[in-house]
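To start, the structure itself, in structure tokens.
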Amino acid sequence: MAYCDGLRGPLVIYDPEDPHRHLYDIDDESTVITLADWYHTPAPQIIGIAQPDATLINGAGRYPGGPTTTLSSITVESGKRYRFRLINMACDPNYTFSIDGHSLTVIEADGIATQPLVVNEIQIFSGQRYSFVLEANQPVGNYWIRANPNRVTTGFDGGINSAVLRYGGSDCTADPTTSQQTRSKPLVEANLVPLVSPGAPGTPGVGAADISVNLLLTYDSVNFFINNVPFLPPSIPVLLQILSGAQLATDLLPDGSVYVLPPGKVIELSIPAGVTGGPHPFHLHGHAFDVVRSAGQTTYNYANPPRRDVVSIGDPGDNVTIRWQLDNAGPWLLHW
76 MAYCDGLRGP LVIYDPEDPH RHLYDIDDES TVITLADWYH TPAPQIIGIA
126 QPDATLINGA GRYPGGPTTT LSSITVESGK RYRFRLINMA CDPNYTFSID
176 GHSLTVIEAD GIATQPLVVN EIQIFSGQRY SFVLEANQPV GNYWIRANPN
226 RVTTGFDGGI NSAVLRYGGS DCTADPTTSQ QTRSKPLVEA NLVPLVSPGA
276 PGTPGVGAAD ISVNLLLTYD SVNFFINNVP FLPPSIPVLL QILSGAQLAT
326 DLLPDGSVYV LPPGKVIELS IPAGVTGGPH PFHLHGHAFD VVRSAGQTTY
376 NYANPPRRDV VSIGDPGDNV TIRWQLDNAG PWLLHW
């Protein structure tokens, strides 16, 4: 709940051997872009499905009918290339992100370097991170940065869901007058190819992994269930259970929420979509996984699938499937 009330922020670890370093000139605290939802009601007081009142870009934003507050702005210099690190740290919405008049060259997803992919908008789900390179190659001026949520306060009237990209030498007080681009090159997750060691582990083929697990998500108007088991927070933190003498995964509480997996094996996990409130993103701690079937796709890719640690399970009819090797022992959370 504290997270939804604003206790959140970015942590960036810089790679001294970044394979994409030659593609950009600037990568510092000024090129981090955070997206978040904001609620006028404190999280503990919200009953039912939470409805965000505003979108914050780098901590600032407007809401419908509210004051014309100052929006976040990012300043660039003509001719420079910038590595922007885009982070969705919202509690709920996904956002469609774009910058008027500019292409975005995606080079990283969730900490995994990817082959450069040029797009003009990025759909980013809660917990996901992308790096993209922006070339400041447009006429000096101000350009809208847009982050349209998937529900509730959508659109850009009055400057909601917006921030400003300013070129050095432009009017630093004026709102942009630019228009939104057409959706000619949206990011398609299935087109993201890892730069290093592409290919899913194990034998290619549906069900050919050492372990196959299907997670069925359901909702009874009060609780969500995974394979008919609701989430129950442990009465004692899992790490403290281990430090206190729990020797086996089967000893961990709560019962029914722990999946015991043998080390070294390859697991393939399928998560059919369709449960209310979607599309839901799933995040795995401790591992990156290969998305052998992405949302919106009907085929499987074992040769060079996207690799990341947060994936949207998509819309009804989707059957997102991920695969990874169990090579990092520990009690790891898988959650949305």
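Count the sequence shown with this note's numbering and you get residues 76 to 411, in order.
Glycine included, every Cβ here is placed at the ideal spot set by N, Cα and C.
Using the three-state DSSP reduction, which class does residue i fall into: helix, strand or coil?
i, result
"N266", "helix"
"E196", "strand"
"R96", "helix"
"Q190", "strand"
"A211", "coil"
"A135", "strand"
"P305", "strand"
"P119", "helix"
"D80", "coil"
"G140", "coil"
"D232", "helix"
"D429", "Because the chain here runs from 76 to 411, residue 429 falls outside it and cannot be looked at."
"D175", "coil"
"D326", "helix"
Taking residue i as the reference, which of the options has the closest Cα?
i, options, result
"L262", "T293, D128, V194", "V194"
"T150", "S259, S245, G277", "S245"
"R204", "V297, I220, V239, V107", "V107"
"N403", "V341, G140, Y375, V350", "V341"
"V350", "A188, F207, D393", "D393"
"P117", "A135, C79, D90, G84", "C79"
"D100", "H115, L209, A378", "L209"
"S237", "G243, N223, V385", "N223"
"S147", "H95, Q198, G234, G140", "G234"
"P309", "S332, F200, L131, A125", "S332"
"V366", "H360, P347, V386", "V386"
"Q316", "L307, L327, F306", "L327"
"Q400", "G140, G371, F364, V271", "F364"
"I286", "D112, P276, L292, D295", "P276"
"I311", "D90, S319, Q126", "S319"
"A125", "Y114, L131, A135, G134", "Y114"
"F207", "W219, I174, N225", "I174"
Does residue i pass the burial test, meaning 16 or more other C-beta atoms within 10 Å, or should it be called exposed?
i, result
"H355", "buried"
"E343", "buried"
"C247", "exposed"
"N169", "buried"
"L240", "buried"
"Y157", "buried"
"E92", "exposed"
"E183", "buried"
"I162", "buried"
"A284", "buried"
"P381", "buried"
"P391", "exposed"
"A249", "exposed"
"D185", "buried"
"E196", "buried"
"Q198", "buried"
"S201", "buried"
"T109", "buried"
"F306", "exposed"
"A370", "buried"
Taking the alpha helix (DSSP H) that residue i falls in, what are its first and last residues?
i, result
"I346", "That residue, I346, is in no alpha helix (DSSP H); its beta strand (DSSP E) goes 341 to 347."
"Q400", "No alpha helix (DSSP H) contains Q400, which is instead part of the beta strand (DSSP E) from 394 to 400."
"V313", "313 to 318"
Going by DSSP, name the residue or residues bridged to residue i.
i, result
"D423", "Past the edges of the chain, shown from 76 to 411, lies residue 423, and the structure says nothing about it."
"W219", "V239"
"D365", "R382, R398"
"R204", "I162"
"I286", "I342"
"P224", "Y170"
"L409", "L359"
"R156", "E210"
"S387", "P356"
"P261", "E196"
Ends of the beta strand (DSSP E) at residue i?
i, result
"D250", "Element bounds for D250: n/a, residue is neither H nor E."
"E183", "179 to 184"
"L359", "356 to 359"
"Y294", "292 to 294"
"S105", "Taken as a continuous stretch (DSSP letters only), S105 belongs to no beta strand (DSSP E), as it is neither H nor E."
"F300", "299 to 301"
"V151", "148 to 151"
Any chance the CB of residue i is under 6 angstroms from a heavy atom of the ligand GTP?
i, result
"I187", "As presented, the structure is devoid of all ligands, the ligand GTP included, so that no description of it is given."
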